[in-house]
């Protein structure tokens, strides 16, 4: 006769596979800075740029051109004096903050009072690149109109060269902000975010630490930074091409106002696309 089957043995013979536990990925290290908290400062800054780099130069140029007997050299010399006033005031203030409170704002690993961050030095070089063509184009007896109009393109070209080179993770030959010599180069956009938020947005060294932790821990975040870096590289080339078309395709009085307007239209479009891109990337990172 058949003996009854042992219950325990039967349970072993018909063992149910263990339930697969789906692990939820841990959240990336947080970033404490929220740009929305600085919206008033951002609005004031944008309005200042709009006034000093678009409205005021156009008012001066067109009023002097059509309401006075000044020659073109004098008109351009006076009108370009207002260009970059906001940026030129910002640079020494930024340097003062880094030197005065270096232990609060300076990059990680830098302890010298005069150890400025990467954005400070890049900003200084971009200012020189912008000033020299304006001075040369307006200081001669016959103004060099194309040189005057293409000056924003030279600054954009400098930015494009920086973003393009920084897309390659080569060993740094010297310290760049919080990255010591020999570390792999990060995209230019990363250093702009680190330095601008830490110093100009007053988030201090703690933000530099937060950003580094987030960048090292999240592949999606690293990819997003790289993508945004390349987006602005392409954008810079688009701007230079459009500016060149205006410079050599339009009469100077028309190109003068349109070229400055082009700068702000381009910046607005690229900034809006960047904002949407970053929102999408951060949402993917959370998922």
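In full-length UniProt numbering, the protein residues as written are 1 to 287. No residue lacks a Cβ here, since even glycine has one placed at the ideal position from N, Cα and C.
Going by Cα to Cα distance, which pick from 36, 67, 28, 198 is closest to residue 103? 198
Give me whichever residues DSSP pairs with residue 179 in a beta bridge. 176
Please state the DSSP three-state secondary structure of residue 219. helix
Using the beta-carbon count (16 or more within 10 Å), is residue 22 buried or exposed? Here the model assigns residue 22 a pLDDT of 45, short of 50, so the residue's position is not dependable and the matter cannot be decided.
Can you check which of these residues, 222, 69, 233, 196, is closest to residue 91 by C-alpha distance? 196
At what residues does the alpha helix (DSSP H) containing residue 39 begin and finish? 39–50
Below 8 Å between beta carbons: does that hold for residue 160 and residue 237? yes
Can you tell me which of the three DSSP states residue 204 falls into? helix
Residues of its chain near residue 204, where Cβ-Cβ distance is below 7 Å and the 5 sequence neighbours each way are ignored: 104, 105, 198
Using beta-carbon positions only, say whether residue 94 and residue 200 come within less than 8 Å of one another. yes
Should residue 59 go down as buried or exposed, given a rule of 16 or more other Cβ atoms within 10 Å for buried? exposed
Are the CB atoms of residue 158 and residue 129 within a distance shorter than 8 Å? yes
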